[in-house]
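**Q** Quick note: the sequence shown uses my numbering, first residue 146, plus one each step.
Backbone N, C-alpha and C fix where the C-beta goes; we use that ideal spot for every residue, glycine too.
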Amino acid sequence: MTRRMLDCREVPSENDCTLTLIGEEDEVLEAGAAHAVAVHGHTDGKELRAGLRQHLREAPQATGAGAFVQLIEFRTRQYDQMDMLIDGWMSEIGADRTAQWMVMSRDLDRPDTYVEVVEFPSAEAARKNSESPVTSAFASKMTGLCEGPVGFRNLEVVRAETP
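1. Using DSSP's beta-bridge definition, name the partner residues of TRP246.
2. Determine the burial state of THR280: buried for a count of at least 16 other Cβ atoms within 10 Å of its Cβ, exposed for fewer.
3. Between MET195 and ALA178, what straight-line distance do the alpha-carbon atoms span, to the nearest angstrom?
4. How is ARG255 classed by DSSP in three states: helix, strand or coil?
5. Mind checking who MET150 pairs with in its DSSP beta bridge?
6. Kindly indicate the opening and closing residues of the alpha helix (DSSP H) around GLN334.
7. Please work out which residues of its chain come closer than 7 Å, Cβ to Cβ, to ALA268, disregarding the five sequence neighbours upstream and downstream, and give them in chain order.
8. Report yes if the C-beta distance between LEU216 and VAL262 is below 7 Å; otherwise report no.
9. In this structure, what does DSSP give as the bridge partners for VAL214?
10. The alpha helix (DSSP H) spanning GLY289 covers which residue range?
11. So, is PHE219 buried or exposed, given that buried needs 16 or more other C-beta atoms within 10 angstroms?
12. Relative to the alpha-carbon of SER236, which residue among ARG148, ARG149 and ARG154 has its alpha-carbon at the smallest distance?
13. Would you call GLN199 buried or exposed, if buried means 16 or more other Cβ atoms sit within 10 Å of its Cβ?
14. When we look at the beta-carbon of VAL248 and count the other beta-carbons within 10 Å, is it buried (16 or more) or exposed?
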């Protein structure tokens, strides 16, 4: 059975909770409801569990053959605004996010140059992400913060190693 994930960072909250739960769907819903009651002051019931279920998504898996990696290279002197823009996109896209993980890096040899590595389970999942209106709005705002064009490399994973 596919492991599911519930991430408090993707659900609006007043205390900026960062808890992430991963496991079988029933386990995650049970633990998520207990957490929502104990930490966020919600009342357990059908409405709470239905809301939690809407925020469930597939848990990230280790990257392997057939996965899809996108490299995004850009230049900006406004990285703090870019970072906030990324956080806003993650919050807004919520459970519709198809990216499994990302790494942002600063190029030490080229000032104000950054490379983001984003992993998707497949090219189809990446395409779905790109077609999202939330992602389109994000991309437009992103280019406004960049100096020059944003470069993309679309890569199919043919081999991956983990320790």
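**A** Concretely, from the data shown:
1. GLU264
2. THR280 comes out buried.
3. A small fix is needed here, since residue 195 is Ala in this sequence, not Met. ALA195 and ALA178 have their C-alpha atoms some 10 Å from each other.
4. coil
5. Answer is ILE167 and ARG202.
6. In the structure displayed, the chain extends from 146 to 308; residue 334 sits before or after that span and is not available.
7. PHE213 and GLU301
8. Their beta carbons are under 7 Å apart, which means LEU216 touches VAL262 by this criterion.
9. GLU264 and LEU300
10. The continuous alpha helix (DSSP H) containing GLY289 extends over residues 278-290.
11. Around the beta carbon of PHE219, 16 or more other beta carbons lie within 10 angstroms, which makes this residue buried.
12. ARG154
13. For GLN199, the number of other beta carbons within 10 angstroms of its own is below 16, and it is reported as exposed.
14. Its Cβ having fewer than 16 others within 10 Å, VAL248 is exposed.
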